[in-house]
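The structure under discussion appears below in the form of structure tokens.
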Amino acid sequence: MKLFEYALLCASILSCLYVIWAKQRFRPIMKLVIPASLLGILILHLIFEHARWIMLPVYGITTVVVIACILRRRNHVSPPSRRLRPFLLSLLALLAGTLSWGGAGLLPLFQFTKPSGSHNVGVLDYTWTDPERTAIDGTSRQLNVRIWYPASDDLTTPARYIPQADLFIQAIKKQYGLWSQLLRNYRQLEIPAQYAAPFYPNANSVPVVVYLHGNQLGTRFTGTFQAIELASHGYMVIAIEHPGTAFLSVFDEDRYIPFTNSFTGLPDNFSAHNKVAVPIIQEMQADVQFVLQHLQQIDRYEPNSPLSDRIDPDRIALVGHSFGGAAAAHILANTTIARAAVNLDGYLYGEYPDELQQKPLLIVNGGLQVKGLEETMVGLEEERAVRNRLLGPNGLEVTLPQAGHLSFTDLPLYSPLLFKPLAPDSKEQHRQINELTLHFLQEHL
């Protein structure tokens, strides 16, 4: 809970208990002091912290107490037959407060760890259309892109975690119903970055990291913990949201593309999954090529962009989680786009040439064993053979013993308590993942 949330919770519960039990000892001045105090804290909370649905029970208690104080008349001692009512009302107030306190603990307003690099971080969001390709809904393929970069010390507007949060949550409500309420907590969540800040003034072209999210739960912002860290060390990080593989890609009030599960009904066999994965990865590869070409020509579309002439085309790396990690390895092996790649806990789906260029590849595996979620995929000896070929003499494979599959994303931060069995000590795992990735990129870019 934040400061004013906690203050409102305590003040509303204590005031409620006072109103219930004061009876004839209720002082007239308290009819003014209690409402004024509660309303003052509530206003400060709404101004500086914003309303949250988790706080609804506390808002309800506050409203009831204020009304009770306004309507309060001097009471006499209740007859024995009615003394049960204060106990029940007190229990109800304590229960409502506990619900808010517990809900805030399960879904905290988390904060990202301040990045360790010497640069401030800037953020920009774009939606670009590729007229030469068609989306699954028959229109031209659109791509949402979020870009982090080393920024100047000039302060602009603090960047929000979720781009166009209201539009995103509205689309989730249409697609998934009440699940949208879970994200309402994070509408106003700020990250340690400035929106549309000027580029770092002493930099010319900078190395680039293209971030590729995983299937189903991934978006262009669910790897923020890693993006802000890399940007603070002088990298431009380009996160592309791939429609169909992303959780939800929202373009306007009337158009969004949800996740499409292309693997439904397939046997847990690596070869079968790989056949389905290859065309999806090829589409992601086309997304990467389009975005990089667009950025290198951004002067045509946005003459005053802070990103103009900032990309070093000879220093590009790919970082991907899960399915995005497979795409990163595939693109590294099949194109000249990137010099190096990082696969974060992903199977190595894809097609690979017989004669591989030996490019640096880092594979970081999650080693956490969760009872009931044991590995069921068969045919992994084929994947292991691909892995060994890709790693070659220049690659590195590391396993983090306490990292789960979701430890490589922001998702465990949403609820450390609920995610603890799947991704314990997420901030420490994030630190280790960032350390490994940064060291690898500094060595090979």
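What the sequence shown shows, in our numbering, is residues 396 to 840, in sequence order. Every residue, glycine too, gets a C-beta built ideally from N, C-alpha and C.
Classify residue i: buried if its beta carbon has 16 or more other beta carbons within 10 angstroms, exposed otherwise.
i	result
residue 589	buried
residue 772	exposed
residue 438	exposed
residue 471	Unreliable placement is indicated for residue 471, whose pLDDT of 47 sits below 50; the coordinate value is still reported in the next sentence. That one is exposed.
residue 543	buried
residue 834	exposed
residue 682	buried
residue 447	buried
residue 802	buried
residue 714	buried
residue 404	buried
residue 555	buried
residue 442	exposed
residue 702	buried
residue 595	buried
residue 416	exposed
residue 538	buried
residue 599	exposed
residue 843	Coverage of the chain is limited to positions 396 through 840, which leaves residue 843 absent and any answer about it impossible.
residue 566	buried
residue 634	buried
residue 482	exposed
residue 824	buried
residue 632	buried
residue 769	exposed
residue 636	buried
residue 476	With a pLDDT of 46 at residue 476, under the threshold of 50, the modelled position of that residue is not reliable, and the figure given next carries that caveat. It counts as exposed.
residue 499	buried
residue 750	exposed
residue 780	exposed
Just checking my contact of residue i with residue j at CB under 8 Å: how many whole Å lie between their CB atoms?
i	j	result
residue 608	residue 676	13 Å between Cβ atoms; not a contact.
residue 602	residue 840	5 Å
residue 536	residue 560	At roughly 24 Å, the Cβ-Cβ gap does not stay under 8 Å, so residue 536 and residue 560 are not in contact.
residue 733	residue 712	6 Å
residue 434	residue 460	So it is not a contact: roughly 10 Å between Cβ atoms.
residue 762	residue 798	6 Å
residue 463	residue 432	Actually they do not touch by this definition, with Cβ atoms about 14 Å apart.
residue 645	residue 562	6 Å
Which partner residues does residue i have in the DSSP bridge list?
i	result
residue 584	In the DSSP output, where bridge partners are listed per residue, residue 584 has none listed.
residue 536	525
residue 695	Looking at the DSSP assignment, residue 695 forms no beta bridge with any residue, so it has no partner.
residue 543	518 and 632
residue 683	DSSP lists no partner for residue 683.
residue 715	607 and 738
residue 382	Within the shown structure, residues of the chain are numbered from 396 to 840, placing residue 382 beyond reach of any answer.
residue 706	601
When the Cα of residue i is compared with those of the options, which residue comes out closest?
i	options	result
residue 593	696, 804, 515 and 492	515
residue 365	628, 632 and 655	The chain is shown only over 396 to 840; residue 365 falls outside these bounds and no answer can be derived.
residue 792	506, 490, 736 and 453	736
residue 425	705, 610, 467 and 570	467
residue 625	786, 513 and 754	513
residue 392	517, 556 and 571	Residue 392 lies beyond the stretch modelled for the chain, which goes from 396 to 840, so this question has no answer here.
residue 465	503, 504, 479 and 414	414
residue 606	530, 511, 673 and 718	718
residue 503	755, 812, 701 and 647	812
residue 337	828, 685 and 627	This structure leaves residue 337 out entirely; the chain is present only between 396 and 840.
residue 775	673, 695, 651 and 665	665
residue 532	623, 638, 567 and 570	638
residue 541	487, 623, 709 and 570	623
residue 487	730, 684, 579 and 453	453
residue 480	412, 568 and 762	412
residue 686	706, 667 and 621	706
residue 731	708, 745 and 444	708
residue 529	652, 754 and 697	652
residue 831	817, 436, 808 and 738	738
residue 450	494, 810 and 422	494
residue 604	627, 569 and 613	627
residue 710	662, 612, 698 and 629	629
residue 720	765, 688, 753 and 618	618
residue 748	755, 741, 766 and 785	785
residue 527	788, 815, 758 and 684	684
residue 597	580, 545 and 585	545
residue 697	507, 501, 743 and 519	519
residue 445	788, 397, 614 and 507	397
Which ranges does the alpha helix (DSSP H) cover as unbroken runs of at least 4 residues, wholly within the region 586 to 671, from first to last along the chain?
619 to 627
Enumerated in chain order, which unbroken segments of the alpha helix (DSSP H) with a length of 4 residues or greater are wholly contained in the region 749 to 785?
none
Segments assigned beta strand (DSSP E), at least 3 residues, entirely inside the region 410 to 449:
none
Please give me, in chain order, every unbroken run of the alpha helix (DSSP H) with length at least 4 that falls completely inside the region 776 to 840.
806 to 809, 811 to 814 and 821 to 839
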